[in-house]
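Per the numbering used here, residue 15 is the first one in the sequence shown, and the count goes up by one each step.
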Amino acid sequence: MTSITYREPAVDDAQEIWELVKNNKPLDENSKYLYVLLCHQFSKTCCVAEHNSEIIGFLSGFISPKDPNTLFVWQAAVDNRFRNQGIAKKMVFQTFSGTNSLVKFVEATVTPSNHSSLKFLQNFADQAGAKLVSRPLFSTDVLEDGHEPENLIRIGPIQKKILEVMS
Numbered sequence: 015m016t017s018i019t020y021r022e023p024a025v026d027d028a029q030e031i032w033e034l035v036k037n038n039k040p041l042d043e044n045s046k047y048l049y050v051l052l053c054h055q056f057s058k059t060c061c062v063a064e065h066n067s068e069i070i071g072f073l074s075g076f077i078s079p080k081d082p083n084t085l086f087v088w089q090a091a092v093d094n095r096f097r098n099q100g101i102a103k104k105m106v107f108q109t110f111s112g113t114n115s116l117v118k119f120v121e122a123t124v125t126p127s128n129h130s131s132l133k134f135l136q137n138f139a140d141q142a143g144a145k146l147v148s149r150p151l152f153s154t155d156v157l158e159d160g161h162e163p164e165n166l167i168r169i170g171p172i173q174k175k176i177l178e179v180m181s
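Here's what the structure looks like:
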């Protein structure tokens, strides 16, 4: 099996992360500066996956200011060469496990056509023994520019002990 390590991102990783995300459609492209900020300000709730010193996965998240018991996962990208190896799941487990004891839920937004993300989140919920609830969050009127609506996916409550056994 391929040797992959998981760690918090550093500012020096931003360029490589930005390029990885740009090459992972249908993820929205953001500025390189955003990834610099994520690596600097939110490194505790983000994760990179590395293989032979190359970043092959990135997960960005944050503790929701509106709901401090929730880890909001913003983007998860895995290099095409390394897909279907459980890397995204491991990055979520790693990030969630590193949060404080108040955090019991994972949230993400997903477009209805992003079947791979929906399947991934359902599998994550099933493996964590947690409930998945989906509801509309942002309509096309709010997002404009032809962007699909975004549904909010909420998974939980999750027990960290279960994740430790699974990871």
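Glycine included, C-beta positions come from ideal geometry on N, C-alpha and C.
For residue i, the three-state DSSP class (helix, strand or coil)
{"i": "A102", "result": "helix"}
{"i": "L146", "result": "strand"}
{"i": "E30", "result": "helix"}
{"i": "T123", "result": "strand"}
{"i": "L10", "result": "Absent from the structure is residue 10, since the part of the chain shown begins at 15 and ends at 181."}
{"i": "T154", "result": "helix"}
Spatial distance of residue i from residue j (CA atoms)
{"i": "Y49", "j": "K80", "result": "22 Å"}
{"i": "E162", "j": "P40", "result": "11 Å"}
{"i": "F119", "j": "T16", "result": "30 Å"}
{"i": "E43", "j": "D140", "result": "30 Å"}
{"i": "K103", "j": "N137", "result": "9 Å"}
{"i": "G160", "j": "L52", "result": "26 Å"}
{"i": "S111", "j": "K174", "result": "6 Å"}
{"i": "I172", "j": "V156", "result": "31 Å"}
{"i": "F152", "j": "E158", "result": "10 Å"}
{"i": "P82", "j": "V117", "result": "7 Å"}
{"i": "V19", "j": "V25", "result": "For the record, residue 19 in the displayed sequence is Thr; it is not Val. Their Cα atoms are separated by approximately 18 Å."}
{"i": "S45", "j": "N37", "result": "14 Å"}
{"i": "V62", "j": "R21", "result": "6 Å"}
{"i": "G71", "j": "E64", "result": "7 Å"}
{"i": "S57", "j": "Y47", "result": "14 Å"}
{"i": "S78", "j": "Q99", "result": "28 Å"}
{"i": "F86", "j": "E121", "result": "5 Å"}
Selected residue, minimal CA-CA separation from residue i, among the options
{"i": "H7", "options": "P23, S67, T154", "result": "The chain is shown only over 15 to 181; residue 7 falls outside these bounds and no answer can be derived."}
{"i": "T123", "options": "T109, G143, Q89", "result": "Q89"}
{"i": "I223", "options": "K103, T84, E30", "result": "Summary: the structure shown does not reach residue 223, with the chain confined to residues 15 through 181, and so no result is reported for it."}
{"i": "Q108", "options": "D27, S115, T59, N37", "result": "T59"}
CB contact check: residue i to chain B, cutoff 8 Å
{"i": "P40", "result": "Among the chains in the structure shown there is no chain B, since it carries only a single protein chain."}
Pairs of beta-carbons, one from the segment 129-149 and one from the segment 166-175, closer than 8 Å: are there three or more? yes
Let me know the beta strand (DSSP E) ranges lying completely inside the segment 33-112, each 3 residues or longer, listed in chain order. 61-65, 68-77, 84-92
Does the count of Cβ pairs from the segment 86-95 and the segment 146-154 closer than 8 Å reach three? no
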